[in-house]
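Heads up: the structure comes next, in structure tokens.
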Amino acid sequence: MKKIFSVTVFLVSSFATWPVAVEGKDCAAITDPEECVKHTEVPFVAACEWCSVDTQCHGIDSIYAPCPEKCCASESHVSTCHTSKPSDIPGKCTWTVNNNTAYSESLSIRMARAAGATYCSEEAVMSWSCKHCAELSDISPQAFVTDADNFLQGFVGLEGTGSETRVVVAFRGTVESSIKNWAENLDVWSTNPYKEFPDVYVHGGFYNSYQHALRAQIHAALDNISVDVPVIVTGHSLGGAIATVCAFDLAQTRKVAAVYTYGQPRVGNFDFAHKYKELVPNHFRVTHNQDLVPHIPLLKMGRETASATYRRLLSEEEWAGFYHTPMEVYYPDDSLSHHECDSTGEDATCSNSCGPFDCTSVSDHLLYVGVALGSTEC
């Protein structure tokens, strides 16, 4: 089922629709799981949920430190936890980062340049004559992929030689003149297109953008390349979201060696993030200081933050919510000093240390690992 509402609707209505225990400040002080799930802040109404990911007590739908959906226990009737007993949840939400390779800053810089090249014209990319191309002399473009209807483009290339050869698939992000407008007015709706994964929901716009024209062109280009050649997928901004959807698709038939994205928005729900990590263990989601884009759609947006109108239209189970995939690599300033974040995908000490209404920087969005990104860099 499709679910849709606008960010602008959220800004007007969200604060009126949270449960009574939205702050959950008392919950945070509780260390015993059984006490947590029974705690009340108003008579006879449970206010807390025990989270298995961080083994802490959270206020239900806390705006300070939300617990990932489903990985929790609560006796509250408004909680979306699957169980009321903490003893029932061990093992259900194990989130182990099984990265086969460590984060490589040198490779990250290369992939940022590859993502930067996608902002340039087809002629510049296919002749490999763009500004970023000059720094990546060993990449040979094989196909330029485009979706004119949705203003999307990218390329498929080969990097290296012999046994070191790998495919690079790169996607362009939103043009810099419209980033803030796009972020503020992003329509948020989710879809569950994967029949084999019925609980997996992804952003409908991102998914459809990939499916509309790009997927067929990418697969056509890959048909000419041996399946034994590993693939690296990269993208910046909206291109990072498309790269994530693409990697999830390719990982079911090919070896996706790594994914490097820069300033990407949230792509799917918690179940998507969990399944994605199983299929694509080496995704490095790079974030930079106060970049505004990694904060949209808002965490778990589409359920707790939905307006009262939409709450009446759909059941609680039908709201998918949005959640970042690990592994986040956070750059707190313009230097190359970085922090590899925890395995949850929503580390409060990384990009999430800055709230979505405070992190509004477009300039931080256009600079990643020292690489300037956007059409002005062509």
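Mapped onto mature numbering (1 follows the signal peptide of the UniProt record, and there is no 0), the consecutive letters of the sequence shown carry residue numbers -24 to -1, 1 to 354. Note that the Cβ used here is the ideal one computed from N, Cα and C, for glycine as well.
Out of Ser80, Val21 and Cys33, which one is the CA nearest neighbour of Glu51?
Distances from the CA of Glu51 to each of Ser80, Val21 and Cys33 were compared; the closest alpha carbon is that of Val21.
Evaluate contact between the stretch 247 to 254 and the stretch 173 to 185, counting only Cβ atoms and requiring at least three cross-stretch pairs below 8 angstroms.
With a cut-off of 8 angstroms, the stretch 173 to 185 and the stretch 247 to 254 count as touching, because enough Cβ pairs lie within range.
If distances are taken between C-alpha atoms only, which option among Thr141, Ala124, Phe127 and Asn126 comes closest to Pro117?
The option with the nearest alpha carbon to Pro117 is Thr141.
Can you say whether Gly180 is buried or exposed, counting buried as having 16 or more other CB atoms within 10 angstroms of its CB?
When all chains shown are included, Gly180 counts as buried.
Let's test the definition: count the other Cβ atoms within 10 Å of the Cβ of Ala223 and tell me whether it reaches 16, buried, or not, exposed.
Looking at its Cβ environment, which holds 16 or more other Cβ atoms inside 10 Å, Ala223 is buried.
Looking at Glu304 and Arg261, is the spacing between their C-beta atoms short of 8 angstroms?
In this structure, Glu304 lies closer than 8 angstroms to Arg261 by Cβ.
Checking 8 angstroms against the spacing of the C-beta atoms, do Glu25 and Asp2 come in under that value?
Going by C-beta atoms, Glu25 is not nearer than 8 angstroms to Asp2.
Using the beta-carbon count (16 or more within 10 Å), is Leu268 buried or exposed?
Taking all protein chains in view, the Cβ of Leu268 is crowded by 16 or more other Cβ atoms within 10 Å, so the residue is classified as buried.
Under 8 angstroms, with one C-beta from each stretch per pair, do the stretch 228 to 239 and the stretch 81 to 99 reach the 3-pair mark?
Result yes; three or more Cβ-Cβ pairs closer than 8 angstroms.
Let me know the secondary structure DSSP gives Pro117 once reduced to three states.
Assigned with DSSP and collapsed to three states, Pro117 falls in strand.
Helix, strand or coil: which one does DSSP assign to Ile85?
DSSP, reduced to helix, strand and coil, places Ile85 within a helical segment of the structure shown.
Closer than 7 angstroms by C-beta to Met102: which residues in its own chain qualify, once you throw out the five before and the five after it? Chain order, please.
The answer, listed in chain order, is Pro117 and Phe120.
Considering only the beta carbon of each residue, do Gly211 and Ala124 sit closer than 8 angstroms?
Not in contact: Gly211 and Ala124 (Cβ atoms no closer than 8 angstroms).
Burial state of His34 (16 or more Cβ within 10 Å)
His34 sits buried, since 16 or more C-beta atoms from the chains shown fall within 10 Å of its C-beta.
Same chain only: Cβ atoms within 6 angstroms of Val345, ignoring 5 sequence neighbours per side:
Hits under 6 angstroms: Ser84, Ile85 and Ala88.
To which residues of the same chain is Leu255 closer than 6 angstroms at the C-beta, ignoring the five residues directly before and after it?
Counting only Cβ-Cβ distances below 6 angstroms, and skipping sequence neighbours, we find Ala227.
Distance CB(Val143)-CB(Val203) smaller than 8 angstroms
Cβ atoms of Val143 and Val203: not closer than 8 angstroms.
Report back the beta-carbon spacing between Gln240 and Ser213 to the nearest angstrom; my notes put them in contact at under 8 angstroms.
Right, their Cβ atoms sit about 7 angstroms apart.
Comparing C-alpha positions only, which one of Gly149, Thr77, Val54 and Asp309 sits nearest to Gly350?
Of Gly149, Thr77, Val54 and Asp309, the residue nearest in Cα terms is Gly149.
Does the Cβ-Cβ distance between Glu353 and Lys171 come in under 8 angstroms?
No, the pair does not count as a contact, with Cβ atoms beyond the cut-off.
Residue burial classification, Glu11 (beta-carbon count within 10 angstroms, cutoff 16)
That one is exposed.
Among residues of its own chain, excluding the 5 on either side of Lys231, which ones have a beta-carbon nearer than 7 angstroms to its beta-carbon?
Here the set comprises Pro206 and Val207.
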